[in-house]
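Taking the working numbering, I'd label the letters of the sequence shown as residues 82 to 589.
Glycine included, C-beta positions come from ideal geometry on N, C-alpha and C.
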Amino acid sequence: MLIMAGSNEQSDKQTINHWAAGAEFAGTSGRFGDVTDPATGAVTAQVAFASEQDADQVIAAAAKAFPAWRDTSLTKRVQVLFRFRELLNQRSGEVAEIITSEHGKVLSDAAGEVSRGQEVVEFACGIPHLIKGSFTENASTGVDVHSVRQPLGVVGIISPFNFPIMVPLWFTPIAIAAGNAVVLKPSEKDPGAALWMARLWKEAGLPDGVFNVLNGDKTAVDALLGHNQVKSISFVGSTPIARYVYETATANGKRVQALGGAKNHMVVLPDADLDLAADQAVNAGYGSAGERCMAISAVVAVGTIGDELVAKIKERTEKLKIGDGRRDSDMGPVVTKQAQDKITGYIGAGQEAGATLIVDGRDVTPDSDGDGFFVGPTLFDHVGREMSIYTDEIFGPVLSVVRVETYEEAIDLINKNPYGNGTAIFTNDGGAARRFQNEIEVGMIGINVPIPVPMAYYSFGGWKSSLFGDTHAHGVEGVHFFTRGKVITSRWLDPSHGGINLGFPQNS
Ligand code: NAD
Numbered sequence: 082m083l084i085m086a087g088s089n090e091q092s093d094k095q096t097i098n099h100w101a102a103g104a105e106f107a108g109t110s111g112r113f114g115d116v117t118d119p120a121t122g123a124v125t126a127q128v129a130f131a132s133e134q135d136a137d138q139v140i141a142a143a144a145k146a147f148p149a150w151r152d153t154s155l156t157k158r159v160q161v162l163f164r165f166r167e168l169l170n171q172r173s174g175e176v177a178e179i180i181t182s183e184h185g186k187v188l189s190d191a192a193g194e195v196s197r198g199q200e201v202v203e204f205a206c207g208i209p210h211l212i213k214g215s216f217t218e219n220a221s222t223g224v225d226v227h228s229v230r231q232p233l234g235v236v237g238i239i240s241p242f243n244f245p246i247m248v249p250l251w252f253t254p255i256a257i258a259a260g261n262a263v264v265l266k267p268s269e270k271d272p273g274a275a276l277w278m279a280r281l282w283k284e285a286g287l288p289d290g291v292f293n294v295l296n297g298d299k300t301a302v303d304a305l306l307g308h309n310q311v312k313s314i315s316f317v318g319s320t321p322i323a324r325y326v327y328e329t330a331t332a333n334g335k336r337v338q339a340l341g342g343a344k345n346h347m348v349v350l351p352d353a354d355l356d357l358a359a360d361q362a363v364n365a366g367y368g369s370a371g372e373r374c375m376a377i378s379a380v381v382a383v384g385t386i387g388d389e390l391v392a393k394i395k396e397r398t399e400k401l402k403i404g405d406g407r408r409d410s411d412m413g414p415v416v417t418k419q420a421q422d423k424i425t426g427y428i429g430a431g432q433e434a435g436a437t438l439i440v441d442g443r444d445v446t447p448d449s450d451g452d453g454f455f456v457g458p459t460l461f462d463h464v465g466r467e468m469s470i471y472t473d474e475i476f477g478p479v480l481s482v483v484r485v486e487t488y489e490e491a492i493d494l495i496n497k498n499p500y501g502n503g504t505a506i507f508t509n510d511g512g513a514a515r516r517f518q519n520e521i522e523v524g525m526i527g528i529n530v531p532i533p534v535p536m537a538y539y540s541f542g543g544w545k546s547s548l549f550g551d552t553h554a555h556g557v558e559g560v561h562f563f564t565r566g567k568v569i570t571s572r573w574l575d576p577s578h579g580g581i582n583l584g585f586p587q588n589s
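Right, here's the structure in full:
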């Protein structure tokens, strides 16, 4: 393991502490959680779980650092961002290894998430341009108007287990570049990447206290949601927690963006290239063991292509190598034993509900040592829209094929689904694709692209139960989220000031 860690009196395991004011901070709660290697099932470290008092100290470190960072010139702030970008570029392999050892995804996939996060760092390097205000000379006679955008203060970021570095990087570089101080609460399941990132920010020259890590569970989250010095919350995780975070933090007067869960459909029209569609269903359904918020979990086969498409997907699943992500595997384990049990429970429920089980991931023999949390690729056909394998976000390598007769039925299925994160259509008919992008009630759409994650200069976010709040992550929306607008109207005195006038200011 590459993270440096302190000692833990509770056991001989390494401890992953908090990070405040530029150094590790152990906290005083005496509570810890296990961090496991999902490929072997071994407990590899313990992560400190913050108490409310620990949270107060981490937030206080951020609050103390904020004024000086806010007043640091844009030129100097951007130099830190550029240095961070260079370090990330040179050392991405280190953090990919940490991610694989705690999350389980294969190394190439972990490296991929680092590079998608790095895109946001590169976008944030352009903050001087992004944050520019406007100026109007002589808006009224002798009166000028200009606008500026200013940072919020201490901002809280709460991230899920499935992208331990990419999701924090959706927000952190923009928040920092805009002059805020950050408290990141990573997932307790794989907190190592956040501590690694804290050291990298320090090495890049970021002043102590501008980036902090608060580890823990609900206690840590609630402390952030309730603290009056935390001005905004950026949350990514499951829908019930996203809703809770949104409702609680907005009730406490904070600005909130809370990205939730997903059930992403891939529509395959009869004219599509079925080999391409099958390849992409396998990539997007089973990549990262289905633990992606943009994973495809429902393939909607339109017309009579169902048998051929299912056969092509099945054939491809048989070639996948399942095992330890540090070996030559295509797909690693799922994150925890609980996740494994939940996913295999859904496979049983799908069978009982009458769906046709084409490939059963419970039978997998992984290339791994120890007792890892593996579920192989699983494929169901003839899935009904009332079955739990269709209605619920399983968050595992389980692909459901739903058969419909018409394009309209496919649209109806997706638009009636409570989630609206991502979707894709596979077709060679430009008119159908154009109609789909217009009619579908989903935030991110792929046309012959299965995982349409927007580039950093666009914004990432779903609709309906996949997002609470109205601001998506990164891109211009991210810059707006982490800044407040001000408009200044000014008149420099000339010899003819107008005297007293109690009327509402009007233009002249
Ligand atoms: P999760 O909701 O369990 O946890 C997310 C964060 O909330 C973690 O930091 C966790 O410690 C905290 N948390 C958990 N329970 C809490 C509680 N009761 N009160 C307060 N805080 C709590 O999500 P997860 O399992 O870590 O991640 C997977 C989920 O995230 C999936 O639903 C996936 O779709 C979603 N996700 C969504 C996006 C998106 O962009 N919409 C991206 C990635 C993941």
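Residue-chain proximity (residue i, chain D), Cβ-Cβ < 8 Å
{"i": "Ala554", "result": "Among the protein chains of the structure shown there is no chain D, as only one such chain exists."}
Beta-bridge partners of residue i, as assigned by DSSP
{"i": "Ile314", "result": "Gly237, Val337"}
{"i": "Asn293", "result": "Val264"}
{"i": "Phe244", "result": "Per DSSP, none; premise fails for Phe244."}
{"i": "Ala343", "result": "Its beta-bridge partners do not exist; DSSP assigns none."}
{"i": "His227", "result": "Phe216, Ile569"}
{"i": "His99", "result": "Phe106"}
{"i": "Trp544", "result": "Gly501"}
{"i": "Val485", "result": "Val383"}
{"i": "Pro232", "result": "Thr564"}
{"i": "Phe130", "result": "Arg112"}
{"i": "Val326", "result": "Val326 pairs with nothing; no bridge assigned."}
{"i": "Met412", "result": "Ile403"}
Outcome for residue i when other beta-carbon atoms lying within 10 angstroms are tallied against a minimum of 16
{"i": "Glu486", "result": "exposed"}
{"i": "Thr499", "result": "What sits at residue 499 in the sequence shown is Pro, not Thr. Flag for Pro499 reads exposed."}
{"i": "Glu522", "result": "exposed"}
{"i": "Ser228", "result": "exposed"}
{"i": "Trp573", "result": "exposed"}
{"i": "Ser240", "result": "buried"}
{"i": "Val557", "result": "exposed"}
{"i": "Leu620", "result": "The structure shown does not extend to residue 620, since the chain spans only 82 to 589, so no value can be given for it."}
{"i": "Arg515", "result": "exposed"}
{"i": "Gln95", "result": "buried"}
{"i": "His210", "result": "exposed"}
{"i": "Ser88", "result": "Caution is warranted here: a pLDDT of 41 is assigned to Ser88, below 50, making its placement in the model unreliable, and the coordinate value is therefore given only provisionally. Burial call: exposed."}
{"i": "Thr472", "result": "exposed"}
{"i": "Gly442", "result": "buried"}
{"i": "Leu83", "result": "Annotation note: pLDDT 38 at Leu83 (below 50); position unreliable, coordinate value reported separately. Leu83 comes out exposed."}
{"i": "Asn509", "result": "exposed"}
{"i": "Thr570", "result": "exposed"}
{"i": "Asp388", "result": "exposed"}
CB of residue i within 8 Å of CB of residue j, strictly
{"i": "Lys266", "j": "Gly297", "result": "yes"}
{"i": "Val264", "j": "Leu295", "result": "yes"}
{"i": "Val445", "j": "Gly185", "result": "no"}
{"i": "Val464", "j": "Val479", "result": "no"}
{"i": "Asn345", "j": "Ser378", "result": "yes"}
{"i": "Arg147", "j": "Phe130", "result": "Residue identity check: residue 147 is Phe in the sequence provided, not Arg. Cβ distance not < 8 Å, so Phe147 and Phe130 don't count as in contact."}
{"i": "Ala359", "j": "Arg407", "result": "no"}
{"i": "Gly503", "j": "Ile532", "result": "yes"}
{"i": "Gly237", "j": "Ser313", "result": "yes"}
{"i": "Asp405", "j": "Ser449", "result": "yes"}
{"i": "Ala343", "j": "Glu194", "result": "no"}
{"i": "Ala136", "j": "Asn293", "result": "no"}
{"i": "Asp356", "j": "Lys393", "result": "yes"}
{"i": "Val383", "j": "Tyr539", "result": "no"}
{"i": "Ala143", "j": "Ser173", "result": "no"}
Other residues of its chain near residue i: CB distance less than 6 Å, five sequence neighbours each side excluded
{"i": "Val348", "result": "Val381, Ala491, Ile506"}
{"i": "Ala149", "result": "none"}
{"i": "Lys402", "result": "Ser410, Asp411"}
{"i": "Phe563", "result": "Ile255, Ala256, Ala259, Asn261"}
{"i": "Phe476", "result": "Glu372"}
{"i": "Asp667", "result": "As displayed, the chain neither begins before 82 nor continues past 589, which places residue 667 out of reach and without an answer."}
{"i": "Thr320", "result": "Gly341, Gly342, Ser546"}
{"i": "Ala339", "result": "Phe316, Ala323, Val326, Tyr327, Phe549, Gly550"}
7 Å CB neighbourhood of residue i in its chain, flanking five on each side removed
{"i": "Gly501", "result": "Glu522, Val523, Gly524, Gly543, Trp544, Lys545, Ser547"}
{"i": "Ile439", "result": "Val391, Lys395, Leu460, Phe461, Asp462"}
{"i": "Glu200", "result": "Met536, Ala537"}
{"i": "Leu306", "result": "Ile314, Val326, Thr329, Ala330, Asn333"}
{"i": "Asp152", "result": "none"}
{"i": "Leu162", "result": "Val202, Ala205, Cys206, Pro254, Ala258"}
Neighbourhood of residue i by C-beta, 8 Å cutoff - its chain only, sequence neighbours within 5 removed
{"i": "Glu203", "result": "Arg166, Ala537"}
{"i": "Gly122", "result": "Lys418, Gly451, Asp452, Gly453, Phe454"}
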